[in-house]
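Residue numbers (my numbering), protein chains in the order written: chain G, 42 to 189; chain Z, 42 to 189.
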């Protein structure tokens, strides 16, 4: 099955390293980030290739300047506060408007890889809230539980 | 060989349709574009999945707000005015600063697919200049001519 593929080396773009301090405190599980366009770029748009090991995810957070996710592999989740989680697969696109509280990460049984584009970093860095609890996360189905 | 792969259905993201009028006048050959994030998005950042058939390319142009290319498949070229053309393959990233005149497109013998991110569309739409002539283009080597 596609979802059982080993994506520990990521998809297309280099995997990069484990999320480093101080950002590692905002992740649950094993996640890798490769900065394709860094915050030092004059373009004001940060782009990262993010590779989530199965069941890893980031904490609830928001971006003052918004974000776009472009999914390149595996199966994962995107959830906005107060909304049902959306299952994501390769080819999916998520537009996250400024200041919308959300989290994203892998399904429990699948690697998950996406490009993350902070569309207007001049709006300021992300605001971080608490983790997605195991109770919340474990209610989500496995990658192959049913068609999305 | 990788470069001989048929990418007529694109890579990961849906191919979309042939470049439509009035934009088709700015392309040489057969190119497809799928708007993943449209100019109507409040994010002010346009993202397209662009699929170039072998030898197709866009005209010389510039973006007042800059652009990033993320290559997802095949082999192609990026060239800034007055500079040597840079050969591109899957996993490559190109940061194009505002108002830098350039073109991009496929190698003569390869499909080429990239994500194109107009990082600050509020800066205004692209300015278009003339085509890359066949004389200029045909001086470029084939995808497998030598290591990049």
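For each residue, glycine too, the CB sits at the ideal point set by N, CA and C.
Does any C-beta atom of chain G lie closer than 8 Å to the C-beta of residue 160 of chain Z? Along the second chain, one-based indexing puts residue 160 of chain Z at 119. Yes, its Cβ sits closer than 8 Å to a Cβ of chain G.
Measure the beta-carbon distance from residue 99 of chain Z to residue 144 of chain Z and round it to whole angstroms, keeping in mind my assumption that it falls under 8 Å. In the second chain, counting from the first residue as 1, residue 99 of chain Z sits at position 58. In the second chain, counting from the first residue as 1, residue 144 of chain Z sits at position 103. About 6 Å; that satisfies the 8 Å criterion.
Who pairs with residue 115 of chain Z in a beta bridge, going by DSSP? Working through the second chain from its first residue, we reach residue 115 of chain Z at position 74. Paired residues: Z/153.
From what residue to what residue does the alpha helix (DSSP H) around residue 179 of chain Z run? The residue given as residue 179 of chain Z occupies position 138 in the second chain. That run of the alpha helix (DSSP H) goes 175-179.
Of the residues G/138, G/178 and G/175, which one's Cα is nearest the Cα of residue 159 of chain G? Along the first chain, read from residue 1 onward, the residue named residue 159 of chain G stands at position 118. Residue G/138 is the option with its Cα nearest to residue 159 of chain G.
Anticipated Cβ contact below 8 Å, residue 181 of chain Z with residue 118 of chain Z, distance rounded: Stepping through the second chain from its first residue, residue 181 of chain Z is reached at position 140. Stepping through the second chain from its first residue, residue 118 of chain Z is reached at position 77. Sure, about 6 Å apart at Cβ, within 8 Å.
Taking the straight line between their C-alpha atoms, what separation do you get for residue 114 of chain G and residue 56 of chain Z? Position 73 of the first chain, counted from the start, is the residue given in the question as residue 114 of chain G. Position 15 of the second chain, counted from the start, is the residue given in the question as residue 56 of chain Z. Going by the C-alpha atoms only, they are around 17 Å apart.
Do we get a CB-CB distance below 8 Å when we pair residue 153 of chain G with the residues of chain Z? Within the first chain, the letter at position 112 stands for residue 153 of chain G. No, residue 153 of chain G lies away from the interface with chain Z (no Cβ there is under 8 Å from its Cβ).
Residue 121 of chain Z: which of Z/93, Z/154, Z/103 and Z/94 sits nearest, CA to CA? Walking along the second chain from the start, residue 121 of chain Z turns up at place 80. Ranking the options by Cα distance to residue 121 of chain Z, first place goes to Z/103.
Within-8 Å CB hit, residue 86 of chain G to chain Z: Taking the first chain and counting its residues from 1, the one referred to as residue 86 of chain G is at position 45. Judged by the 8 Å Cβ criterion, residue 86 of chain G is in contact with chain Z.
Spatial neighbours of residue 89 of chain Z in its chain, beta-carbon cut-off 6 Å, leaving aside the 5 residues before and after: Against the second chain, residue 89 of chain Z aligns to sequence position 48. The answer, listed in chain order, is 74, 76 and 157.
Looking at the C-beta of residue 136 of chain G, does it have a partner C-beta in chain A at a distance below 8 Å? Absent from the structure is chain A; the protein chains it does hold are G and Z.
One question on the structure: do residue 147 of chain Z and residue 95 of chain Z come within less than 8 Å of each other, judged by their Cβ atoms? The residue given as residue 147 of chain Z occupies position 106 in the second chain. The residue given as residue 95 of chain Z occupies position 54 in the second chain. Yes, they are a contact pair.
Pick from Z/71, Z/66, Z/175 and Z/163: whose alpha carbon is nearest that of residue 48 of chain Z? Taking the second chain and counting its residues from 1, one reaches residue 48 of chain Z at position 7. That would be Z/71, whose Cα lies nearest to the Cα of residue 48 of chain Z.
Whole-number beta carbon distance between residue 78 of chain G and residue 109 of chain Z, since they are thought to touch under 8 Å: In the second chain, counting from the first residue as 1, residue 109 of chain Z sits at position 68. In the first chain, counting from the first residue as 1, residue 78 of chain G sits at position 37. Confirmed, Cβ separation roughly 6 Å.
In DSSP terms, what residue 93 of chain G is bridged to: Your numbering for residue 93 of chain G matches position 52 in the first chain. BP columns for residue 93 of chain G point to G/72 and G/153.
Residue 80 of chain Z burial status per 10 Å Cβ neighbour count (16 or more: buried): As a working mapping, residue 80 of chain Z is identified with position 39 in the second chain. By the neighbour-count rule (16 or more Cβ atoms within 10 Å), residue 80 of chain Z is not buried but exposed.
By the DSSP assignment, the beta strand (DSSP E) with residue 134 of chain Z in it spans what residues? In the second chain, the residue the question calls residue 134 of chain Z occupies position 93. Note, residue 134 of chain Z: beta strand (DSSP E), 134-137.
Does the beta carbon of residue 50 of chain Z come closer than 8 Å to any beta carbon on chain G? If you number the second chain from 1, residue 50 of chain Z lands on position 9. No, residue 50 of chain Z does not count as interfacial toward chain G.
Coil, strand or helix - residue 66 of chain Z by DSSP: As a working mapping, residue 66 of chain Z is identified with position 25 in the second chain. Residue state, collapsed to three classes: helix.
Under 8 Å between the Cβ atoms of residue 51 of chain Z and residue 154 of chain Z? Position 10 of the second chain, counted from the start, is the residue given in the question as residue 51 of chain Z. Position 113 of the second chain, counted from the start, is the residue given in the question as residue 154 of chain Z. For residue 51 of chain Z and residue 154 of chain Z, yes; Cβs fall inside 8 Å.
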